[in-house]
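Heads up: the sequence lines are chains B and R, in that order.
The first sequence begins at 62 in my numbering and counts up by one.
The second sequence begins at 85 in my numbering and counts up by one.
Written below as structure tokens is the structure these notes are about.
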Amino acid sequence: MKYMLLICVDPAIEPTEGDPTIEQWLAEVGGRRLDGSQLRSIQDATTVRTRGDEVLLTDGPFAETKEQIVGYDVVDCADLDEAIRIASRHPCARFGSVEVRPFYTG
Amino acid sequence: MTLDTEVSELFRAERGRIVATLIRLTGDWDLAEECVQDAFARALECWPREGVPGRPGAWLTTTARNRALDRLRRSNVEAAKLREVVAVADHEPDEDDGIGDDLLRLIFTCCHPALTLEARVALTLRTVTGLTTADIARAFLVPEATMAKRLVRARQKIRNARIPYRVPPAHLLPERTGGVLGVLYLLFNEGYTAGGGAEPVRRDLCAEAIRLARTLVALMPDEPEAVGLLALTLLQDSRRDARFDHAGDLVPLDRQDRSRWDGGQIEEGLALLDAALRRGRPGPYQVQAAIAACHATAAAAGDTDWPQIALLYGELVKLVPSPVVRLNRAVAVARADGPAAGLALVDDLADDVLGHLLPATRADFLRRLDRPAEALAAYEQARDLAPTEAERRHLTRLIEDLRG
């Protein structure tokens with residue numbers, strides 16, 4: 062079952078030192094991680110809305126939130142408990158939030 | 085016993101575990117519930133003619149299972165899925181094998197931390213005890229449509245996010261067990277704090293919670309905290325007939341008519357607590373039960389062993405350092421060592437979580453320290469924050485007593 066992990070961090074908060082590092086996390090997750098990447102900051106984001114014939118652009122993210130999406134990972138695992146375990150071990154979970162969102166199946 | 089009564093009792097005793105098995109077999113919560121309903125309906129049709137079967141639980145399970153297979157066949161379920169269900173079902177060597185495990189799976193799944201607390205409580209009540217959605221809605225003072233939606237969303241989340249239907253593995257079991265106990269105790273407290281004038285279905289939540297606690301103890305015999313929770317709820321519930329006066333107002337513990345406490349239930353609670361403590365694995369529910377036991381064994385309010393209670397709260401604070409526990413500890417210390425000692429502990433707590441309880445407690449200490457002006461100010465602060473009419477009336481009376 063595939064899950065999207067949205068890695069969300071408040072840029073004002075200093076990341077904490079400690080286990081695991083991102084390399085350790087990647088090694089732990091192994092082949093269960095199908096894809097993923099860090100993303101450039103919301104300062105480089107553009108939000109697109111098409112209303113009628115108009116394409117409306119905003120400089121920035123789709124919503125103003127304290128924590129922002131800084132990256133994503135797609136994992137394939139047995140169930141939500143395993144996805145939770147993987148997410149909880151992500152370094153950013155220590156000082157940010159990791160949203161675990163299931164894909165549609167079939 | 086009439087047939088209807090027998091079937092009602094079977095419903096109460098067996099429904100949860102049969103639903104649990106059907107959910108494991110079919111993976112479909114709605115289908116499971118409907119088929120179990122159908123099986124009980126069939127029992128009421130057939131048993132008057134054929135007599136009650138020797139193993140009624142097995143009869144009901146088989147009937148429900150066959151109904152499920154029937155419906156799956158008709159609904160054009162993928163052949164592979166159907167074969168899977170049939171294979172698992174046919175493989176049951178004995179209907180009673182692992183049934184206890186199924187109910188435990190169900191309870192842990194209903195109480196999964198990925199669901200909101202409200203959803204966990206509602207789902208446990210609906211699926212394990214079989215209370216109707218309407219009754220649960222009334223018990224929690226929400227419209228039926230709201231409760232129905234809450235249940236639907238919870239089941240959808242279990243399916244869509246693939247919450248596993250299982251007893252958690254060893255490394256998760258301690259925290260998940262704590263979670264289950266928390267849901268049951270929340271349920272109990274919902275009924276316990278419902279006022280004297282509340283609807284029966286609200287006060288009945290205590291009985292449902294106790295029943296669930298008994299079930300959990302039967303399913304997890306090696307878990308002393310489950311026994312602790314059962315002991316705690318029995319001991320607290322033993323005071324039910326003395327807690328409210330004719331106006332529906334709360335009667336404080338030290339003014340309750342102890343002859344109205346349920347002696348049999350107290351005895352049972354004390355015996356369970358003993359058994360739990362002998363395991364040598366103390367935990368928050370056992371400690372809380374021990375505190376309740378101190379009250380339960382005091383023949384009169386004046387006989388209460390407050391030093392022991394203060395000691396126990398000291399232990400509880402180490403396990404659960406929440407503001408509420410620390411406040412209760414201050415109250416016990418005040419009783420044991422005098423209000424000045426209590427006030428010192430309370431002055432450390434400046435917490436919004438406590439609402440009216442903090443100023444009310446401070447007020448009581450100040451009153452006992454003969455500082456009436458400060459006490460009045462604190463009581464008035466408490467009254468402004470009081471969450472229910474009963475509490476507001478109680479505080480108003482204290483204010484009037486102090487003024488008069």
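Note that the Cβ used here is the ideal one computed from N, Cα and C, for glycine as well.
On a predicted model such as this, the values are computed, not experimentally measured, just so you know.
Item, Value
"Quick test of the definition: if touching needs 3 or more C-beta pairs under 8 Å, does the segment 349-356 of chain R touch the segment 365-372 of chain R?", "no"
"Identify each residue in the segment 87-112 of chain B for which the Cβ-Cβ distance to at least one residue of chain R is less than 8 Å, and report them in chain order.", "none"
"Could you give the uninterrupted runs of the alpha helix (DSSP H) lying entirely in the segment 416-453 of chain R, keeping only those of 4 residues or more?", "423-430, 441-452"
"Starting from residue 155 of chain R, trace the beta strand (DSSP E) both ways and give me its first and last residue.", "Premise fails: residue 155 of chain R lies in the alpha helix (DSSP H), 140-158, not in any beta strand (DSSP E)."
"Which of helix, strand or coil does DSSP assign to residue 129 of chain B?", "strand"
"By how many angstroms is the C-alpha of residue 137 of chain R removed from the C-alpha of residue 337 of chain R?", "49 Å"
"Are there three or more Cβ pairs, one per stretch, closer than 8 Å when the segment 417-427 of chain R is compared with the segment 391-398 of chain R?", "yes"
"Have a look at the DSSP bridge pairing and note the partners of residue 328 of chain R.", "R:334"
"Give me the residue from R:289, R:328, R:335 with the minimum Cα distance to residue 318 of chain R.", "R:289"
"With H, G and I counted as helix, E and B as strand and the rest as coil, what does DSSP make of residue 251 of chain R?", "coil"
"Against chain B, does residue 245 of chain R count as a neighbour if the rule is that its beta carbon must be under 9 Å from one of theirs?", "yes"
"Looking at the C-beta of residue 118 of chain B, does it have a partner C-beta in chain R at a distance below 9 Å?", "no"
"In the segment 118-142 of chain B, which residues sit with their C-beta less than 7 Å from some C-beta in chain R, listed in chain order?", "140, 141, 142"
"Can you confirm whether residue 70 of chain B, when its beta carbon is compared against all beta carbons of chain R, has any partner nearer than 9 Å?", "no"
"Excluding the 5 residues flanking residue 462 of chain R on each side, which residues of the same chain have their C-beta closer than 8 Å to its C-beta?", "443, 444, 446, 447, 450"
"Closer than 9 Å, CB to CB, is residue 62 of chain B near chain R or not?", "yes"
"Where do the N-terminal and C-terminal ends of the alpha helix (DSSP H) with residue 115 of chain B fall, by residue?", "That residue, residue 115 of chain B, is in no alpha helix (DSSP H); its beta strand (DSSP E) goes 115-120."
"Would you call residue 92 of chain R buried or exposed, if buried means 16 or more other Cβ atoms sit within 10 Å of its Cβ?", "exposed"
"Express the C-alpha separation of residue 302 of chain R and residue 355 of chain R in angstroms, rounding to a whole number.", "16 Å"
"Out of R:333, R:327, R:332, which one is the CA nearest neighbour of residue 343 of chain R?", "R:327"
"If residue 76 of chain B sits next to residue 156 of chain B, beta carbons under 8 Å apart, how far is it from one beta carbon to the other, in whole angstroms?", "6 Å"
"With DSSP run on the structure shown, which of helix, strand or coil describes residue 178 of chain R?", "Confidence in residue 178 of chain R is poor, its pLDDT being 44 and thus under 50, which makes the residue's placement unreliable; the coordinate value appears in the next sentence. Of the three classes helix, strand and coil, the one that applies to residue 178 of chain R here is coil, per DSSP."
"Apart from the five residues just before and just after residue 164 of chain B, which ones in its own chain have a Cβ nearer than 6 Å to its Cβ?", "63"
"Please determine, among R:459, R:383, R:469, R:453, the residue with the shortest C-alpha to C-alpha distance to residue 437 of chain R.", "R:469"
"Determine, using beta carbons only, whether residue 300 of chain R and residue 316 of chain R come nearer to each other than 9 Å.", "no"
"Candidates R:486, R:191, R:157, R:100: which alpha carbon is nearest residue 204 of chain R's?", "R:191"
"Applying the criterion that 16 or more other CB atoms from any shown protein chain within 10 Å of the CB defines a buried residue, is residue 68 of chain B buried or exposed?", "buried"
"In terms of alpha-carbon separation, which member of R:112, R:464, R:306 lies closest to residue 485 of chain R?", "R:464"
"What residues from chain B crowd round residue 256 of chain R, counting only those whose CB sits closer than 8 Å?", "142"
"Which residues in chain R have a C-beta closer than 7 Å to the C-beta of residue 163 of chain B? List them in chain order.", "244, 245, 246"
"Looking at residue 89 of chain B: is its Cβ nearer than 9 Å to the Cβ of residue 150 of chain B?", "yes"
"Going straight from the alpha carbon of residue 362 of chain R to that of residue 298 of chain R, what length do you get?", "19 Å"
"If you draw a straight line from the C-alpha of residue 218 of chain R to the C-alpha of residue 233 of chain R, how long is it?", "12 Å"
"I'd like to know if residue 104 of chain R contacts chain B, where contact means its C-beta is closer than 9 Å to some C-beta of that chain.", "no"
"Cβ of residue 83 of chain B less than 9 Å from any chain D Cβ?", "This model lacks chain D altogether; the protein chains it does include are B and R."
"Can you pull out the residues from the segment 182-208 of chain R whose beta carbon lies closer than 7 Å to at least one beta carbon of chain B?", "198"
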